[in-house]
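Residue numbers (UniProt numbering): 1 to 664.
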Amino acid sequence: MSYQVEVYTGDILHAGTTDKISIKLVGTKGETESINFSTLGGFWRGSVRKFELNSPASVGTLLLLEIQLKPLFDFGENDWFCSKVIVTTPEGDKVLFPCYRWFSGDEKLVLRDAPARTILKETYDISKEHRNKETEKRSTVFRWQLYASGMPYIVKADSPEALPEEIKFSFTKKTEFEHTQAAAIFELKLNELVHRRESWTNFEQLDHVFAERRTAIFEYVRQHWREDEFFGYQLLNGMNPMMIHKCSELPKKFRVTDDMVKAFLPSGSSLKNEMKLGNIFICDYKRLDGLPGNVIHKEQQYLTAPMCLLFSNPEGKLLPIAIQLKQEPGGENPIFLPSDSESDWLLAKIFVRNAEFNEHSLHFHLLRTHLVAEVFALATLRNFPTVHPLFKLLIPHTRYTLHINIMARQMLVSDDGFFAESTALGKVGLLTLLRRASSTLTYSSLCLPDDIKARGVEGIPNYYYRDDGLKLWNIINKYVDGVVRYYYKSNNDVVKDTELQNWIGEIHKYGFLEKGISSFKTVDELIKFTTMVIFTVSAQHSAINNGQFDFGGWMPNLPSTLRRPPPTKKGSSTEDSILETLPGIGATINGMATVYVLSKTYLIRTPLGYYPEELFIEKTPLEMMDKFQKELKFLSDEIEKRNQHLPLPYIYLNPKEVDNSVAV
Numbered sequence: 001m002s003y004q005v006e007v008y009t010g011d012i013l014h015a016g017t018t019d020k021i022s023i024k025l026v027g028t029k030g031e032t033e034s035i036n037f038s039t040l041g042g043f044w045r046g047s048v049r050k051f052e053l054n055s056p057a058s059v060g061t062l063l064l065l066e067i068q069l070k071p072l073f074d075f076g077e078n079d080w081f082c083s084k085v086i087v088t089t090p091e092g093d094k095v096l097f098p099c100y101r102w103f104s105g106d107e108k109l110v111l112r113d114a115p116a117r118t119i120l121k122e123t124y125d126i127s128k129e130h131r132n133k134e135t136e137k138r139s140t141v142f143r144w145q146l147y148a149s150g151m152p153y154i155v156k157a158d159s160p161e162a163l164p165e166e167i168k169f170s171f172t173k174k175t176e177f178e179h180t181q182a183a184a185i186f187e188l189k190l191n192e193l194v195h196r197r198e199s200w201t202n203f204e205q206l207d208h209v210f211a212e213r214r215t216a217i218f219e220y221v222r223q224h225w226r227e228d229e230f231f232g233y234q235l236l237n238g239m240n241p242m243m244i245h246k247c248s249e250l251p252k253k254f255r256v257t258d259d260m261v262k263a264f265l266p267s268g269s270s271l272k273n274e275m276k277l278g279n280i281f282i283c284d285y286k287r288l289d290g291l292p293g294n295v296i297h298k299e300q301q302y303l304t305a306p307m308c309l310l311f312s313n314p315e316g317k318l319l320p321i322a323i324q325l326k327q328e329p330g331g332e333n334p335i336f337l338p339s340d341s342e343s344d345w346l347l348a349k350i351f352v353r354n355a356e357f358n359e360h361s362l363h364f365h366l367l368r369t370h371l372v373a374e375v376f377a378l379a380t381l382r383n384f385p386t387v388h389p390l391f392k393l394l395i396p397h398t399r400y401t402l403h404i405n406i407m408a409r410q411m412l413v414s415d416d417g418f419f420a421e422s423t424a425l426g427k428v429g430l431l432t433l434l435r436r437a438s439s440t441l442t443y444s445s446l447c448l449p450d451d452i453k454a455r456g457v458e459g460i461p462n463y464y465y466r467d468d469g470l471k472l473w474n475i476i477n478k479y480v481d482g483v484v485r486y487y488y489k490s491n492n493d494v495v496k497d498t499e500l501q502n503w504i505g506e507i508h509k510y511g512f513l514e515k516g517i518s519s520f521k522t523v524d525e526l527i528k529f530t531t532m533v534i535f536t537v538s539a540q541h542s543a544i545n546n547g548q549f550d551f552g553g554w555m556p557n558l559p560s561t562l563r564r565p566p567p568t569k570k571g572s573s574t575e576d577s578i579l580e581t582l583p584g585i586g587a588t589i590n591g592m593a594t595v596y597v598l599s600k601t602y603l604i605r606t607p608l609g610y611y612p613e614e615l616f617i618e619k620t621p622l623e624m625m626d627k628f629q630k631e632l633k634f635l636s637d638e639i640e641k642r643n644q645h646l647p648l649p650y651i652y653l654n655p656k657e658v659d660n661s662v663a664v
């Protein structure tokens, strides 16, 4: 009996090999011998090699394909990336075996046929045994590790090199990322400034830094960062649109009176009345309260836990109307107002923007996108075999996440990383803040519709993050709904899927730290949770990450540290004292270079909704994928049309700008 075998080598850099391979087929009636195949031309990048595998008898319905890379000679060996194998049986059936894996040495891999199945749909013992072996092996390769008490767990790996090849950056991605790091300082000829510790003498000096790399939004920020209208705009559509809440009652520690703010409200109105109308909002940075300031080069740094009150006026503009820089009221903690001197009011806003930097960087970016994405990725790799529909649905949304997170821990939050060297928080403060933030991490707060409602911001005008985000959530939800319901016909299918229940159980234990949902009881629950996972690692990460250089590249708008304590009285600030408070030259350059690297758009990226790997083959999932892509394109066109009429376009949830995964 003759089986025609087509072996596809991936079309990525260094994918090919000159080694030989062996293949064995396993079916319902038996298995073939393991047959060696080699070719004079090798298995080159992007090639398709065809072979004939003969067997004395049919092995029945094909279930498994065993493939092994073998050195052609006694010396040396090559890695090889196999994308897929297609086998045509003697009966004329074509059977696809997806692979998309790197092989090294004499590694052996057993592939499943392509149709997705839950464990309830397995009918052959050999298939059940294979999926158990696969998850058992992966659970030993990918292991949980405590990062710090009170925080989500991370992958146990000291460096990216410790990860399996298919999880790591591709050669091209790694090279581009490393080049960008170097270019951020050296190519831009800023290296001589990095070690300077003195203050900037004026704001005009900053005009020459990163001049060649600035975006149109960066330039807008540089020109408007002092303005109250832009200050409020950033809390809705900047790089952290997550802090703002509706204020129905003032915190007892924030003793703002009508007399203080009546000049900034409509004539005849009052603070209480505007609260009733839903026009008053607040940003309260209480999580920062009591955190010690870092010491950088023997110089004390400062941070505060401010409260900022804002008014959404009849023109739809969100304006700050009162700022208190510390949580506890008192004579040395004045409430700053727009009617104060220009320098006093600007300095108060700068302290709020530094608090924004801390909350954004660690809470909303590191914790709520990177670390939770790592939990989702690890749980997926450990609990789902490759044939599981949830594995096929989710694995494209985990691409490069483990690699980039290990790099972030090495470069950004290590003992000698960016936060230790260039921020007011430092290593001790960042861990405390992360623990405090982790205690508020809930499933519902990661679901955008629930979060918008909980923060009371359903009606605030010109909130493009909310508008675009809810549309994107609904598009993702529709796609997930169509795929999930194809494989789960009833709630009972969900309840009895042990692999699925193990997956959510590990997320509950290692991600949400025993809070929230620990099992799925209905198909609807599964659909919503899976929507949240994909939204978080794609859209939410884009909204939080991609604007970092746009909004944070101009240092005065988002200082990473402050070198003077908060003012204790009004009338003491000048432009010189503001410059002495802001980061010095070296810290500024480090900060600008860091946000440039983190938010750069890389050539090696996969936009949301594009799935180059052939994982699903069934008609319904493929149709849902096609509809998903069309709806994303429609939303992209809609956003671009709207942005043409905005002075500052909101681009971060345009689907074409959103990556499939946390990959940077």
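Glycine included, each C-beta is placed from N, C-alpha and C at the ideal position. Only a predicted model underlies this, so the values are computations on that prediction, with no experimental measurement involved.
Provide the residue span of the beta strand (DSSP E) that contains residue i, from first to last.
i: T32; result: Unbroken run through T32: none, as it is neither H nor E.
i: M592; result: Note, M592: premise wrong, no beta strand (DSSP E); alpha helix (DSSP H) at 585-599.
i: E315; result: Taken as a continuous stretch (DSSP letters only), E315 belongs to no beta strand (DSSP E), as it is neither H nor E.
i: I167; result: Counting along the chain, I167 falls outside any beta strand (DSSP E), and DSSP gives it neither H nor E.
i: E6; result: 2-9
i: R112; result: 108-112
i: K70; result: 62-70
Let me confirm a value: residue i is counted as buried when at least 16 other C-beta atoms fall within 10 Å, else exposed. Which label applies?
i: I126; result: exposed
i: R255; result: exposed
i: Q223; result: exposed
i: N279; result: buried
i: H179; result: Bear in mind that the predicted position of H179 carries a pLDDT of just 48, short of 50, making it unreliable; the figure below should be weighed with that in mind. That one is exposed.
i: D626; result: exposed
i: K189; result: For K189, the predicted model reports a pLDDT of 43, less than 50, meaning its position is unreliable and no value from the coordinates is stated.
i: R197; result: exposed
i: T398; result: buried
i: N202; result: exposed
i: G290; result: exposed
i: M1; result: exposed
i: W44; result: exposed
i: T140; result: exposed
i: P556; result: buried
i: S538; result: buried
Between which two residues does the alpha helix (DSSP H) holding residue i run?
i: Y486; result: 464-487
i: Q301; result: No alpha helix (DSSP H) holds Q301; DSSP gives it neither H nor E.
i: H541; result: 541-545
i: T498; result: 498-510
i: M555; result: Careful: M555 lies outside any alpha helix (DSSP H) and carries neither H nor E.
i: K641; result: 619-643
i: L526; result: 523-535
i: S343; result: 342-358
i: T401; result: 401-411
i: V375; result: 372-383
i: D493; result: 491-495
i: E580; result: 575-581
i: L394; result: 389-394
i: A57; result: No alpha helix (DSSP H) holds A57; DSSP gives it neither H nor E.
i: S538; result: Note, S538: premise wrong, no alpha helix (DSSP H); not H, not E.
Assuming residue i contacts residue j (C-beta within less than 8 Å), just tell me the rounded distance between them.
i: S47; j: T9; result: 5 Å
i: W144; j: Y400; result: Rounded, the Cβ-Cβ distance is 20 Å, inconsistent with contact.
i: K253; j: E328; result: 6 Å
i: A348; j: I323; result: 4 Å
i: S104; j: E165; result: 7 Å
i: L150; j: R435; result: The displayed chain sequence assigns Gly, not Leu, to residue 150. G150 to R435, Cβ: 4 Å. Contact.
i: N36; j: P396; result: Actually they do not touch by this definition, with Cβ atoms about 33 Å apart.
i: Y479; j: F628; result: 4 Å
i: A15; j: F616; result: The pair is not a contact, with the Cβ atoms about 23 Å apart (cut-off 8 Å).
Could you name the residues that DSSP lists as bridge partners for residue i?
i: Q145; result: I154
i: P320; result: L310
i: W80; result: F103
i: K50; result: E6
i: F336; result: I323
i: P607; result: D659
i: L513; result: DSSP output for L513 lists no bridge partner at all.
Would you say the beta carbon of residue i is closer than 7 Å to some non-hydrogen atom of the ligand SAH?
i: G584; result: Among the components modelled here there is no ligand, and therefore nothing to report on the ligand SAH.
4 or more residues per run - each alpha helix (DSSP H) lying fully within the segment 435-461: 448-455
Kindly provide the ranges of any beta strand (DSSP E) runs that are 3 or more residues long and lie completely inside the segment 207-294, ordered along the chain. 280-284
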